[in-house]
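First up is the structure itself, then whatever we jot down about it.
Residue numbers (my numbering): 76 to 245.
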C-alpha cells in the first residue's frame, strides 16, 4: 500500500473545478472609496488573500483600514466556488453579525476574469445592521483587481457603496 505524505509547505495544485479562478490566487493590496446616503464618504486601504487547499473552492480573507488614520474598518472571510463553467458562488461571514451568500456569473476572456454576483441570502444576528441585499462585481486583468460593491441597507434601495483597485502583492 502506498501512502502519500504532504510536506508542511509543499505546494498543492488547485482543484480542476476551480482552475478558471487561478488568476485570483495570491495577495492583493490597494485603495478604495466608500459612500452611502447614511454615512460620510471615506477612503480606505485594503488587502485581500485568495488561497486554496487543493479542494474545489478558494479561500477568501479581506481586511480594510481607514486611509487617513489606519483604524480597522471591516473584515470578511469565506469561500469562492465554481458552480458550473460560468457560475460562481461566494459565501462570506462578516464580524458585524452578517452572513452573505452571493451567486452569479463568471466569464473568462483574453483580458482576464469577470465575476458578477448578487446576494441570494443575507443572514443577520439580532444586533446586526439591517442589510437586505449585496452585489459584487470583480474584474481581474493581469495584476489588477477592480471591484464594486452594491448594498441595500437601513431602508435604502440597492445602490453603489464601494469601489477599489488592488494590485497583486504576492
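Every residue gets a Cβ at the ideal spot worked out from N, C-alpha and C, and that includes glycine.
Close beta carbons around residue i, own chain, < 6 Å, minus the five adjacent residues each side
i, result
"residue 210", "193, 225"
"residue 164", "156, 158, 178"
"residue 214", "189, 221"
"residue 167", "151, 153, 175"
"residue 182", "189"
"residue 118", "108, 142"
"residue 223", "212, 238"
Residue burial classification, residue i (beta-carbon count within 10 angstroms, cutoff 16)
i, result
"residue 105", "buried"
"residue 128", "exposed"
"residue 131", "exposed"
"residue 195", "exposed"
"residue 89", "buried"
"residue 245", "exposed"
"residue 198", "exposed"
"residue 230", "exposed"
Sheet register partners of residue i (DSSP bridge)
i, result
"residue 219", "216, 242"
"residue 116", "DSSP, once it has assigned bridges, lists no residue as partnering residue 116."
"residue 199", "173"
"residue 163", "157, 179"
"residue 134", "126, 154"
"residue 139", "121, 149"
"residue 108", "118, 238"
Residue i versus residue j: straight-line alpha-carbon distance, rounded
i, j, result
"residue 216", "residue 149", "25 Å"
"residue 95", "residue 133", "11 Å"
"residue 212", "residue 201", "28 Å"
"residue 144", "residue 185", "39 Å"
"residue 138", "residue 147", "8 Å"
"residue 120", "residue 169", "18 Å"
"residue 116", "residue 206", "18 Å"
"residue 102", "residue 125", "6 Å"
"residue 135", "residue 93", "14 Å"
"residue 141", "residue 91", "38 Å"
"residue 162", "residue 191", "9 Å"
"residue 227", "residue 180", "20 Å"
"residue 44", "residue 122", "Since the first residue of the chain shown is 76 and the last is 245, residue 44 is not available in this structure."
Contact set for residue i: own chain, Cβ-Cβ below 7 Å, skip 5 residues either direction
i, result
"residue 171", "203, 204"
"residue 98", "187, 188, 215"
"residue 243", "101, 103, 218"
Cβ neighbours of residue i in the same chain (closer than 8 Å, five flanking residues each side left out)
i, result
"residue 87", "81, 127, 128, 129"
Check whether the stretch 111 to 123 touches the stretch 235 to 244, taking contact to mean three or more Cβ pairs, one atom from each stretch, closer than 8 Å. yes
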